[in-house]
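Visitor: What follows is a structure written as structure tokens; I'll ask about it next.
Numbering (mature numbering (1 follows the signal peptide of the UniProt record, and there is no 0)), first residue to last: -18 to -1, 1 to 680.
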């Protein structure tokens, strides 16, 4: 009985063991089979065994989920098998094993399988190279962190590779720490922010990489070097813009700009930049030998050039020449409205000073509270606050209305835009940029009416439109006529008492300290008329740079310039050490021409023998500026001590006084004819002529 029981017990365990082995083998065969084959078989069953499209779709979704699950399990199993006997970071070995596995598939699956192997191989190799590159280049200033990352990476390797990997991490850590100490020592002698030096060090690190990693490493070095150069250039531009915004005086701005350049260009590659800049400056000099002279419209941009008028904007001063960077936040424009022409309403992101140079008309602008309207003639000055909508009309039937406009932008220095509420094409109404739903809500008006108003056809296009006599009369009604004194936003410059005058000329001036409307722009306005054959005696302005617009006549300008005795910034720096060399800068001027006179530069204006010369000008940064004459009744030499004059000119003070006090008219305007008559009576070898060597400039 006992023997029988033992027999049945052994038989039971044998059957159970056989069943388990059979199930295990079946499961192994199932897993070793191609998941794609089972996926196709599953889809065929769905087509034959299901009813209706809905049931078939659900069946195929189950097949898809099962296929993806088996693929993930198989990849995990393969990954575990690889990690036991190979380096998981070896893309080449994994690629070979993947290819062997593909050979066991059916002929249909082999091409797709091999393509998948190739894609995985490329991805793994790129990831490996990227990790290798990061291990060498990531945070080069922190060896400890790189050592810890390297140790973590080693822990992911197989047991065979870990000791060797950790030893390599230790060696790299010691080398990097020594390099860091060496770089720290070099920083005492060099600029750590030097992009060129960092680029060279990066290239040296790349040479220590494998051949596969070197190209990618060098490309990364080049990208970083370019980014650092661009960042330095951006910082320099931001610093210079800050100088323009924060500093009001030209001399302070120039000093601030120099400090910016010294701060951000102290690099070894500064030599390359300087050479490029100097070549640009030489080319600039060849093209523009007189950087202060702007011939009529030659250096102006036509924002609106139409049959009924023109709107010209003088190019940025710094674009004409780097010597004019100090006034780059200002822009000068010229409006020309033909007879019976209306200029569309618009506002600007700039403070504006209008000065009428020719013709007559009406200027109207609307603020958030009031409407101001002025009848204007030559010499009338009108201030238009930033953001005020302005429009104007030419009342005359024959003459153009010409207005010079000084802009001081409030957003970006030297850059302003016009915004038009009405218009269809060139200009376009800014209302059209809003969405239709917004306009319907804020105007409480159906979209059809808004479409007619903002998108409908207009009989005229452009900024300048023809107006009827009735419309012109309506626009001029209620406008005030500015007088010599300031009234709210306008005054007549030429109706004032001249500051200097005689039979040879007149000079008018309005300064910010006397006229409140000029203070926001920090600008003066002046006007002068020089009779034919006469001279406005040489003088200079202590702080203000003048932008002179010729309005009528013909003549020429002569100015002393110390900057143009050299043609590059490096030569200018050398000239600062040996100052006292000058060059005469001159130009024959006609109506519409513009001439810039920087602060401190002696200048004189001369009318031609056959024409009077008239001009209007803006004095930039005029607060507390004074005009200092170097000839005429009140010239500064007369106020010097006798000993100072004798030492300076090298002749007795009596002779000096005879020259500098020898102006019988005692005025600021002199006639060239009288000077010629007196000059012919004097001997050429008069010792006094040695005093006036500087007169070769005038």
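Note that beta-carbon positions come from the ideal geometry of N, C-alpha and C, so glycine has one too.
1. Going by DSSP, which residues form a beta bridge with residue 541?
2. Can you give the Cα-Cα distance for residue 465 and residue 365, rounded to whole angstroms?
3. Do three or more CB pairs link the stretch 334 to 343 to the stretch 303 to 313 at distances below 8 Å?
4. Taking the Cβ atom as the reference point for each residue, do residue 539 and residue 585 lie within a distance shorter than 8 Å?
5. What's the C-alpha gap between residue 82 and residue 96?
6. Provide the residue span of the alpha helix (DSSP H) that contains residue 287, from first to last.
7. Are the stretch 518 to 528 and the stretch 366 to 375 in contact at 8 Å, needing three or more beta carbon pairs?
8. Rounding to the nearest angstrom, what Cα-Cα distance links residue 545 and residue 304 in this structure?
9. Straight-line CA distance for residue 24 to residue 35?
10. At a cut-off of 7 Å, would you count residue 56 as near the ligand NAP, judging by its Cβ distance to the nearest heavy atom?
11. What number of angstroms, rounded off, separates the C-alpha of residue 198 from the C-alpha of residue 181?
12. If I measure Cβ to Cβ from residue 322 and keep anything under 7 Å in the same chain, skipping five residues before and after, which residues do I get?
13. For the alpha helix (DSSP H) that residue 85 lies in, which residues bound it at each end?
14. Does DSSP classify residue 612 as helix, strand or coil?
15. Can you tell me whether DSSP reads residue 184 as helix, strand or coil?
16. Need the endpoints of the beta strand (DSSP E) that residue 506 sits in, please.
17. Give me, in chain order, the residues of the same chain whose beta-carbon lies closer than 8 Å to that of residue 399; leave out the 5 immediate sequence neighbours on both sides.
18. Quick one: what does DSSP say residue 459 is sitting in, helix, strand or coil?
19. With DSSP collapsed to three states, give me the class of residue 423.
20. In this structure, how does DSSP classify residue 465 when only helix, strand and coil are distinguished?
21. If we call anything under 8 Å between Cβ atoms a contact, is residue 576 one with residue 529?
22. Give the single residue among 510, 53, 394, 31 whose Cα lies nearest to the Cα of residue 225.
23. Can you name the residues that DSSP bridges to residue 528?
24. What does the alpha-carbon distance come out to for the pair residue 93 and residue 38?
25. Please tell me whether residue 512 and residue 652 are closer than 8 Å, where the distance is taken between their beta carbons.
26. Where does residue 625 land, buried or exposed, given buried means 16+ other C-beta within 10 angstroms?
27. Does the pairing of the stretch 355 to 362 with the stretch 418 to 435 give three or more beta-carbon distances under 8 Å?
28. Can you check DSSP and say which residues form a bridge with residue 573?
29. Per DSSP, residue 316 is paired with what?
30. Among 507, 622, 409, which one has its Cα closest to the Cα of residue 474?
31. Evaluate residue 346 with the Cβ neighbour count: other Cβ atoms within 10 Å of its Cβ, from every protein chain shown; 16 or more gives buried, anything less gives exposed.
32. Which residue wins for smallest C-alpha separation from residue 606, given the options 27, 493, 220?
33. Could you tell me which residues DSSP puts in a beta bridge with residue 334?
34. If we ignore side chains and look at the alpha-carbon of each, how far apart do residue 137 and residue 75 end up?
Guide: Taking the definition as stated:
1. BP columns for residue 541 point to 567, 585.
2. 14 Å
3. Under the 8 Å Cβ criterion, the stretch 334 to 343 does not count as touching the stretch 303 to 313, having fewer than three qualifying pairs.
4. yes
5. Near 10 Å, if we compare the C-alpha coordinates of residue 96 and residue 82.
6. Looking at the DSSP string, residue 287 is not in any alpha helix (DSSP H); the run it does join, the beta strand (DSSP E), is 282 to 288.
7. no
8. C-alpha separation (whole angstroms): 11 Å.
9. So the two alpha carbons sit approximately 16 Å from each other.
10. Among the components of this structure there are no ligands whatsoever, and the ligand NAP is therefore not found.
11. Note on geometry: alpha-carbon atoms of residue 198 and residue 181 lie some 14 Å from one another.
12. 376, 379, 448, 449, 454
13. 73 to 85
14. coil
15. helix
16. Residue 506 -> beta strand (DSSP E) spans 505 to 512.
17. 330, 331
18. coil
19. helix
20. coil
21. yes
22. 394
23. 579, 601
24. 29 Å
25. no
26. exposed
27. The stretch 355 to 362 vs the stretch 418 to 435: no contact.
28. In DSSP, residue 573 forms no bridge with anything.
29. 294, 386
30. Measuring from the Cα of residue 474, the nearest candidate turns out to be 507.
31. buried
32. Nearest to residue 606 by C-alpha distance, out of 27, 493, 220, is 493.
33. 366, 389
34. CA-CA distance, residue 137 to residue 75, rounds to 20 Å.
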